[in-house]
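Just below is one structure, and these are the notes that go with it.
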Amino acid sequence: MISESTLESLADYLDSTGIILDQALTRLGQKMLVPIAKKVQEEITELAEQRKVMERSRERYETVLAKYSTIPKLREFALIREVSL
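The sequence shown runs 2 to 86 under our numbering.
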């Protein structure tokens with residue numbers, strides 16, 4: 002049979018081990034996980050901003066392209082001019 006003092010020693014050991022693990026996990030979270038989470042959030046924010054910039058640039062490009070495509074080309078204009086004369 003296990004003596005009462007042995008059980009108390011085991012309980013104290015398990016309590017202290019649990020406390021040490023809890024402290025280690027807290028430190029791990031503060032020193033590693035929180036900075037990583039902040040960095041990831043910063044990167045996501047930056048990517049979202051870059052996406053908006055890219056979409057605005059694409060819209061401007063498509064607008065200019067649409068305007069350019071409606072302008073008659075010089076060669077086509079010359080042919081039209083010849084036919085009309």
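Note that beta-carbon positions come from the ideal geometry of N, C-alpha and C, so glycine has one too.
Asked                                                                      : Found
Length of the line joining the Cα atoms of residue 24 and residue 8        : 24 Å
Alpha carbon of residue 69 to alpha carbon of residue 55, nearest angstrom : 21 Å
Residue 4 in three-state terms, based on DSSP                              : coil
Delimiting residues of the alpha helix (DSSP H) encompassing residue 33    : Neither: residue 33 is in no alpha helix (DSSP H) and is coded neither H nor E.
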